[in-house]
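Residue numbers (our numbering): 22 to 529.
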């Protein structure tokens with residue numbers, strides 16, 4: 022892989038991603054439906070409607086429509102507190118249909134449409150959205166029982182749901198056997214495959230935004246796994262533009278990507294590694310048929326239609342072969358012209374040209390987040406050993422200055438916004454509301470080849486420095502290039518009572 026190819030792919034995936042404004046708009050639209058179903062006049066109010074997103078918007082893997090004529094799909098679950106013993110699939114679907122039709126009428130929309138499993142709302146305001154609402158009831162207990170009887174794992178079964186399907190043989194009958202799904206469980210499984218990466222990147226964003234971690238919305242974070250899935254989906258869509266019916270389905274690409282991901286730190290490394298390992302997660306049953314098991318329900322085979330339509334299986338392997346070739350080609354190129362040409366063939370002209378012209382502020386922010394994440398995930402960074410005691414206390418690094426070698430006037434800096442010179446010194450100043458006395462510990466973490474080669478990587482805790490009531494200072498020399506960090510910890514009576522945000526320092 023070339024540095025130019027890796028950076029181009031970073032820019033390309035950002036062109037594929039859905040703008041934050043679209044995430045926010047999708048959230049407003051599904052919350053509006055939820056509010057409608059729970060209003061006082063709702064015929065479903067007594068069934069405690071629980072409305073939540075499923076699909077790519079929930080997983081953080083949606084991609085922009087290929088053109089302005091295509092819509093964003095918002096997939097909702099409308100889970101109602103009812104049981105299979107007192108209503109049929111058909112009755113459940115009709116119950117939701119009454120309210121979806123009323124919602125459409127009240128909001129001046131065309132009548133809600135009915136499909137095999139869902140009710141659909143089409144927005145006529147040019148928003149490029151349509152919303153599919155899936156009626157469902159809780160089914161975690163039943164699914165857990167079935168899996169246990171089959172001696173299969175049940176870690177995600179509690180959030181299973183029973184859903185409606187017009188083509189199901191029991192659709193009109195009062196019967197205990199319904200189609201099933203588990204979007205919440207699947208999401209938790211997918212997130213578990215990238216949890217460490219996600220949390221580190223979210224903390225890095227919080228540092229960049231000078232915000233609390235919990236205030237950073239999950240949709241603003243894109244891990245290499247999520248980005249890899251976005252790359253695969255657009256490559257597939259471009260490749261099968263003339264044969265959309267038999268293209269590899271998104272849940273297969275997403276599942277195999279999640280199973281194959283090994284914590285790679287860049288989208289380029291993730292794409293190459295995942296594509297290399299994908300096949301190893303496809304098994305065969307006793308009849309020789311391909312099996313891609315649902316991680317949340319081992320009895321469900323996402324590749325079951327490959328038996329009925331062999332072309333689907335052939336198209337998956339054809340896609341896998343071409344994806345490996347095309348993405349490796351991009352990652353081997355060096356010149357902007359050749360990179361753009363290679364991407365146009367695999368992803369389309371619009372995305373390729375936009376990626377070629379990309380960079381700037383968005384590219385700089387990506388680099389900062391990658392640097393911050395590299396410090397947060399450094400293997401030599403120690404974990405605080407003190408037991409935590411939460412009492413509403415705080416400490417913050419409120420001032421940081423650096424002094425260049427040979428100069429006496431310190432200059433103030435903010436986290437991550439300067440690239441300092443080696444040989445300078447830096448002063449960290451912290452303030453706290455913790456009642457004195459207490460101990461102050463500073464965690465200093467450095468990264469980079471120079472420190473590694475000199476065998477001086479740091480990631481531990483240091484108690485030196487100046488300490489007065491409510492204030493603490495620590496001076497550090499700047500000896501190695503790389504991305505480094507400082508964090509202040511307040512320990513009182515043997516307990517960790519407060520810690521500051523991490524301050525990022527870049528050294529050239």
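C-beta atoms are modelled at their ideal positions from N, C-alpha and C, and glycine is treated no differently.
Owing to the predicted nature of the structure, the values given are computational and were not obtained by experimental measurement.
Specify, as a first and last residue, the run of the beta strand (DSSP E) that residue i falls within.
i	result
residue 94	93 to 100
residue 152	150 to 159
residue 503	503 to 513
residue 330	Looking at the DSSP string, residue 330 is not in any beta strand (DSSP E), and its letter there is neither H nor E.
residue 451	446 to 453
residue 487	487 to 489
According to DSSP, simplified to helix, strand and coil, what is residue i?
i	result
residue 207	helix
residue 300	helix
residue 520	strand
residue 527	strand
residue 466	strand
residue 25	helix
residue 441	strand
residue 424	strand
residue 433	strand
residue 337	helix
residue 221	helix
residue 494	strand
residue 240	helix
residue 103	coil
residue 67	helix
residue 460	strand
residue 473	helix
residue 347	helix
By Cβ distance below 6 Å, which residues in the same chain neighbour residue i in space, the five residues on each side in sequence not counted?
i	result
residue 369	259
residue 347	367
residue 484	462
residue 205	180
residue 75	96, 98 and 204
residue 73	98
residue 189	200
residue 215	244 and 246
residue 410	516 and 518
residue 195	109
With a cut-off of 8 Å on the beta carbons, I'd call residue i and residue j a contact; round off their distance for me.
i	j	result
residue 447	residue 415	With 8 Å as the limit, residue 447 and residue 415 do not qualify as a contact, their Cβ atoms being about 23 Å apart.
residue 519	residue 453	6 Å
residue 499	residue 441	6 Å
residue 313	residue 277	7 Å
residue 228	residue 522	6 Å
First and last residue of the alpha helix (DSSP H) that includes residue i?
i	result
residue 44	41 to 59
residue 371	370 to 377
residue 532	Any question about residue 532 goes unanswered here, given that the chain covers just 22 to 529.
residue 252	245 to 260
residue 281	271 to 281
Apart from the five residues on each side of it in sequence, which residues of its chain come closer than 8 Å, Cβ to Cβ, to residue i?
i	result
residue 178	161, 164, 165, 168, 203, 206, 317 and 318
residue 341	296, 299 and 300
residue 479	401, 465, 466, 467 and 472
residue 63	57, 70 and 120
Bridge partners for residue i per DSSP, in chain order?
i	result
residue 134	141
residue 78	Beta-bridge pairing links residue 78 to no other residue.
residue 417	452
residue 312	304
residue 322	314
residue 84	38
residue 201	183
residue 192	In the DSSP output, where bridge partners are listed per residue, residue 192 has none listed.
residue 409	517
residue 72	99
For the ligand HEM, any of its heavy atoms closer than 8 Å to the Cβ of residue i?
i	result
residue 245	With respect to the ligand HEM, the structure shown offers nothing to examine, as it has no ligands at all.
Give every residue of the same chain whose Cβ lies closer than 7 Å to the Cβ of residue i, excluding the five residues on either side of it in the sequence, and list them in chain order.
i	result
residue 92	86, 149, 150 and 151
residue 81	239, 240, 243 and 247
residue 502	443, 469, 471, 528 and 529
residue 287	27 and 245
residue 223	234, 237 and 242
residue 256	344, 347, 367 and 368
residue 426	444 and 445
residue 135	118
residue 33	364, 368, 372 and 376
residue 122	132 and 133
residue 251	34, 37, 38, 82 and 84
residue 322	312, 313 and 314
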